[in-house]
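Okay, so here's the structure we're looking at.
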Amino acid sequence: MMEPITGTFTVKSGLAEMLKGGVIMDVTNAEQARIAEEAGAVAVMALERVPADIRAEGGVARMSDPEKILEIMDAVTIPVMAKVRIGHFVEAQILEYLGVDFIDESEVLTPADEENHINKWDFKVPFVCGCRNLGEALRRINEGAAMIRTKGEAGTGDVVEAVRHARAVLGEIRRLQSMAPEEMFTYAKEIGAPYQLVRMTAEMGRLPVVNFAAGGIATPADAALMMQLGVDGVFVGSGIFKSGNPARRAAAIVKAVTHYRDPAILAEVSRNLGEPMVGRTVESMSDDERIAHRGW
Amino acid sequence: MKIGVLALQGAFREHILKLQALGVQASEVRLPEHLQGLDGLIIPGGESTTMGKLAESFGLLEPLKSFTRHQPAWGTCAGLILLANRAVRQKKGGQPLIGGLDITVDRNFFGRQVDSFEADLDVPALAEVAQPEDPEGPFHAIFIRAPAVVEVGPNVQVLTRLPGQGPIVAVREGHLLGTAFHPELSNDLRFHRFFLRMVRER
Numbered sequence: 046m047m048e049p050i051t052g053t054f055t056v057k058s059g060l061a062e063m064l065k066g067g068v069i070m071d072v073t074n075a076e077q078a079r080i081a082e083e084a085g086a087v088a089v090m091a092l093e094r095v096p097a098d099i100r101a102e103g104g105v106a107r108m109s110d111p112e113k114i115l116e117i118m119d120a121v122t123i124p125v126m127a128k129v130r131i132g133h134f135v136e137a138q139i140l141e142y143l144g145v146d147f148i149d150e151s152e153v154l155t156p157a158d159e160e161n162h163i164n165k166w167d168f169k170v171p172f173v174c175g176c177r178n179l180g181e182a183l184r185r186i187n188e189g190a191a192m193i194r195t196k197g198e199a200g201t202g203d204v205v206e207a208v209r210h211a212r213a214v215l216g217e218i219r220r221l222q223s224m225a226p227e228e229m230f231t232y233a234k235e236i237g238a239p240y241q242l243v244r245m246t247a248e249m250g251r252l253p254v255v256n257f258a259a260g261g262i263a264t265p266a267d268a269a270l271m272m273q274l275g276v277d278g279v280f281v282g283s284g285i286f287k288s289g290n291p292a293r294r295a296a297a298i299v300k301a302v303t304h305y306r307d308p309a310i311l312a313e314v315s316r317n318l319g320e321p322m323v324g325r326t327v328e329s330m331s332d333d334e335r336i337a338h339r340g341w
Numbered sequence: 321m322k323i324g325v326l327a328l329q330g331a332f333r334e335h336i337l338k339l340q341a342l343g344v345q346a347s348e349v350r351l352p353e354h355l356q357g358l359d360g361l362i363i364p365g366g367e368s369t370t371m372g373k374l375a376e377s378f379g380l381l382e383p384l385k386s387f388t389r390h391q392p393a394w395g396t397c398a399g400l401i402l403l404a405n406r407a408v409r410q411k412k413g414g415q416p417l418i419g420g421l422d423i424t425v426d427r428n429f430f431g432r433q434v435d436s437f438e439a440d441l442d443v444p445a446l447a448e449v450a451q452p453e454d455p456e457g458p459f460h461a462i463f464i465r466a467p468a469v470v471e472v473g474p475n476v477q478v479l480t481r482l483p484g485q486g487p488i489v490a491v492r493e494g495h496l497l498g499t500a501f502h503p504e505l506s507n508d509l510r511f512h513r514f515f516l517r518m519v520r521e522r
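These protein sequence lines map, in sequence, to chains A and B. Per my numbering, the first sequence starts with residue 46, numbered consecutively. Per my numbering, the second sequence starts with residue 321, numbered consecutively.
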């Protein structure tokens, strides 16, 4: 019999498996965290500022104050995630020490390294990383990510980029499945992904880890749209606590993700939610205002 | 035989794949009417607070209670918590439970995610159902932010503990089965076979 062992890829990706069919919500304090838990969130993302405020205020966005993260960890029993800058492995060491349940190496914060992501195999805590296409997803998995999320465009309330990125990943997987084995070697080179992971994805017909959608989801219908496109769950950032009635909207989005194929329930939960977040169309933004291109 | 898997949230797909691998018809349960005609029910791993909340919102809590009173049911991890009569370290304000197993569970007994682990368990009862194609010996179990059973009533059978007289992590009481770990993630069908035999014997 083997001794119990912690921090394996199986237990890291296993937590992601348990989050499936769920909603992960951005929260900035203990009170919001409890509202999210009460609404049925499967996890919360502890932040100092939601992406919409990071956009509005500008400046360098970094890992949150540990005091803030600990306050949120203390307030709820569900898993707590927190963000680190791309490539900033010391911020990740700090979050692992604090005991956060999942680290998001996130383009929403200002990148610390413009060439390298964190070597996530070095950590016992699991990582989730963003992607815009299959190549980017498989590069992150190769670095040890235990979960993937499509990036979308955070802090906009505009779902268009979330749809674009989910369609890119899922469409590329469908095309991959129709390829001859010898074509996969070239394809792996073209998308800059390791061949072994490309082949594994083709065999499984999906990414080798859980894949959520993120970036611009603001309504129950947005969440159900992403689920019907084929993701495993959703992240909702600014969409909840920048809206008129966060508790009600949060609960409605949770219900929409479970019953994503049931228009009667979707219609019911979409009623009287109050004002959605104001939002900004991605189309109206200049290239340097967009953050999805961060990460390589 | 038809087995339902509670599909409000969590790893329901993995249970369905295991049941299909054993040639059993499996269906997703999201609303009360989905319980009709089922011979047994599996409550998967996931977040117990989320599942409890969704069950409550869609009027599923009472139908689940009456189903599991008489019909075979198996809870894994979050499912074990939901099937317990008592849970400690619940979220602030408490959380809805289905109940049925005369046990007390400690919700995050082993700590946070960095404490999640894999371990080999000696489960003598599995020998009764094992097939030649199954792995031999201990059951390789995966514990994710797992609960443990900290108290059992007189009619509860302890199926296994962690090695070295560790905490109780699998129990059976009549037609109800509970595991603190995730057989749906293990490459081993023996726990699913064990539950299906409970359903057949019912």
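Backbone N, C-alpha and C fix where the C-beta goes; we use that ideal spot for every residue, glycine too.
- Its Cα nearest to that of residue 494 of chain B, the residue B:394 stands out among B:339, B:394, B:324, B:385.
- Residue range 240-249 is occupied by the alpha helix (DSSP H) that includes residue 245 of chain A.
- Just measuring C-alpha positions, the residue of A:185, A:120, A:159, A:213 sitting nearest residue 76 of chain A is A:120.
- Chain A has a Cβ within less than 7 Å of the Cβ of residue 411 of chain B.
- The beta carbons of residue 106 of chain A and residue 53 of chain A sit no closer together than 7 Å.
- Per the DSSP secondary-structure output, residue 322 of chain B pairs in a beta bridge with B:345.
- For the 7 Å CB-CB criterion, residue 364 of chain B and residue 407 of chain B do not form a contact.
- Under the Cβ distance rule, residue 169 of chain A counts among the residues neighbouring chain B, one pair being separated by less than 7 Å.
- Per the C-alpha coordinates, the member of A:253, A:262, A:134, A:90 positioned closest to residue 157 of chain A is A:134.
- Your pair residue 403 of chain B and residue 418 of chain B checks out as a contact, with CB atoms roughly 6 Å apart and the cut at 8 Å.
- In the three-state reduction of the DSSP assignment, residue 418 of chain B falls in the coil class.
- Residues of the stretch 120-142 of chain A with a C-beta atom less than 8 Å from some C-beta of chain B are 120, 121, 122, 123, 124, 141, listed in chain order.
- Under DSSP, residue 460 of chain B forms a beta bridge with B:440.
- Using a 10 angstroms sphere on the CB of residue 47 of chain A, the tally of other CB atoms stays under 16, which defines it as exposed.
- At a C-beta separation below 8 Å, residue 69 of chain A has no neighbours in chain B, since its nearest C-beta there lies roughly 11 Å away.
- Between residue 434 of chain B and chain A, the shortest Cβ-Cβ separation is below 7 Å.
- Contact annotation: residue 118 of chain A and residue 125 of chain A have beta-carbon atoms nearer than 7 Å.
- DSSP, read as helix, strand or coil, puts residue 155 of chain A in coil.
- Within the same chain, Cβ atoms closer than 6 Å to the Cβ of residue 383 of chain B are found at 352, 355, the five residues on either side in sequence being excluded.
- Secondary structure note for residue 118 of chain A: it is in no beta strand (DSSP E), and the uninterrupted alpha helix (DSSP H) holding it is 111-120.
- Ranking B:377, B:512, B:434 by CA distance to the CA of residue 337 of chain B puts B:512 first.
- Taking the beta carbon of residue 108 of chain A as reference, no residue of chain B falls within 8 Å; the closest one sits roughly 17 Å away.
- Residues of chain A with a Cβ closer than 8 Å to the Cβ of residue 369 of chain B are, in chain order, 82, 85, 122, 123.
- Between the beta-carbon of residue 441 of chain B and that of residue 461 of chain B there is about 5 Å, and that keeps the pair under the 8 Å contact cut.
- For the set A:161, A:267, A:217, A:51, the Cα lying nearest the Cα of residue 430 of chain B is the one of A:51.
- Against residue 330 of chain B, the close residues of chain A are 63, 65, 66, in the order they occur along the chain (beta-carbon pairs closer than 7 Å).
- The beta carbon of residue 84 of chain A is closer than 7 Å to those of 292, 295, 296, 299 in its chain, skipping five residues each way along the sequence.
- By the C-beta density criterion, residue 249 of chain A is exposed, having fewer than 16 other C-beta atoms within 10 angstroms.
- Per the coordinates, the alpha-carbon of residue 132 of chain A lies some 11 Å from the alpha-carbon of residue 188 of chain A.
- Spanning the alpha carbons of residue 323 of chain A and residue 235 of chain A requires a straight line of approximately 39 Å.
- Of the residues assessed, residue 390 of chain B falls on the exposed side of the cut-off, its CB having fewer than 16 other CB atoms within 10 angstroms.
- The straight-line gap separating the alpha-carbon atoms of residue 333 of chain A and residue 453 of chain B is approximately 58 Å.
- Contacts with chain A (Cβ-Cβ distance below 8 Å) from the stretch 497-515 of chain B involve 502, 505, listed in chain order.
- Residue 146 of chain A belongs to the set of residues whose beta carbon lies under 7 Å from a beta carbon in chain B.
- Runs of the beta strand (DSSP E) spanning 3 or more residues and lying entirely within the stretch 183-244 of chain A occur at 192-195, in chain order.
- By the C-beta criterion, the stretch 158-178 of chain A is judged not to be in contact with the stretch 237-249 of chain A, since fewer than 3 inter-stretch pairs fall below 8 Å.
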